[in-house]
Amino acid sequence: MTATAAGNGSPTVLVFGDSLSAGFGIDVDQSWTALLQSRLEKLGYEHRVVNASISGETTEGGAARIEAALGNFSPDLIILELGGNDGLRGFPPERIRDNLTKIIQRSKASGAAVVLLGIRIPTNYGPRYTAAFEAVYREVAKNLNIQWIEFFMEGVAMNDELLQADRIHPNAEAQPILLENAWPIISATLDGAL
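If you count by my numbering, then the sequence shown holds residues 14 to 207, one letter each, in order.
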């Protein structure tokens, strides 16, 4: 769990994700969340970025710890990036949808805005499961009226030059791309809601 720059009393952006946001396998200062803090400062935002992402986290784990995160950090904006580990384990899409819904509803009830970073998974479980999994993000964003992007790893997944040796996790060179993918909805939400 890392907090960066700004100061107490600054509005807080909470990144609530898994290894894709936790900086798995790279220097945390190179992670897209650290780059987000730098960009916010450069553009004159006073927000402090807190990264509460945990490698291996599932939506169920996220739903279990969202209350504590809300209580500890009182975020103004939550960037929600969960579900990839659920999909890789073949968890039922309905359960993933319910957990994401729970996280978002609790976050909004606390007064925080939420943006959702969509995930795609390999087709190991077949096209039917893959389509149902990917539809979860669209449904949740529509039902709860939040900004979202379809694929957080756009331009990074399947590109060996941007992945670590495991061919799953983005390397340091991929981090600016991840930030660019997420930035439009982050900036739109900050400018519109906060």
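All residues carry an ideal CB built from backbone N, CA and C; glycine is no exception.
When C-alpha distances from I92 are compared across W45, E59, P105 and G103, the shortest belongs to W45. Inclusion of V63 and L113 in the CB contact set at 8 Å is not warranted, their separation being larger than that value.
For the pair T25 and S87, the CB atoms are nearer than the 8 Å cut-off. Buried is the label assigned to T72, since at least 16 other Cβ atoms lie within 10 Å of its Cβ.
In the three-state reduction of the DSSP assignment, F86 falls in the helix class.
For I92, DSSP records a beta bridge to V28 and V128.
Between the region 92 to 103 and the region 115 to 132, the count of Cβ pairs shorter than 8 Å is three or higher; the stretches touch. Only exposed fits P135, as fewer than 16 other CB atoms lie within 10 angstroms of its CB. DSSP lists L130 as the bridge partner or partners of I162. Here P106 is buried: its Cβ has 16 or more other Cβ atoms, across all protein chains shown, within 10 Å.
Within its own chain, the residues whose Cβ lies closer than 8 Å to the Cβ of R108, once the five positions on either side in sequence are excluded, are T72, E73 and D99, listed in chain order. Annotation for N64: the continuous beta strand (DSSP E) segment containing it runs R61 to N64. Here the C-alpha atom of D179 lies approximately 11 Å from the C-alpha atom of M171.
In this structure L192 does not touch P183 by the C-beta definition: roughly 11 Å separates them, more than the 8 Å allowed.
Secondary structure at L33: helix, using DSSP grouped into helix, strand and coil. The residues P106, in chain order, have a CB closer than 7 Å to that of A145 in the same chain once the five nearest residues on each side in sequence are set aside.
Put simply, the backbone Cα of G139 is about 18 Å away from that of Y150. The continuous alpha helix (DSSP H) containing S120 extends over residues P106 to A122.
Within its own chain, the residues whose Cβ lies closer than 7 Å to the Cβ of S32, once the five positions on either side in sequence are excluded, are S68, G69 and H182, listed in chain order.
Here DSSP, grouped into helix, strand and coil, assigns P183 to strand. Selection R61, Q43, I39 and S120 evaluated against A77 yields S120 as nearest (Cα-Cα).
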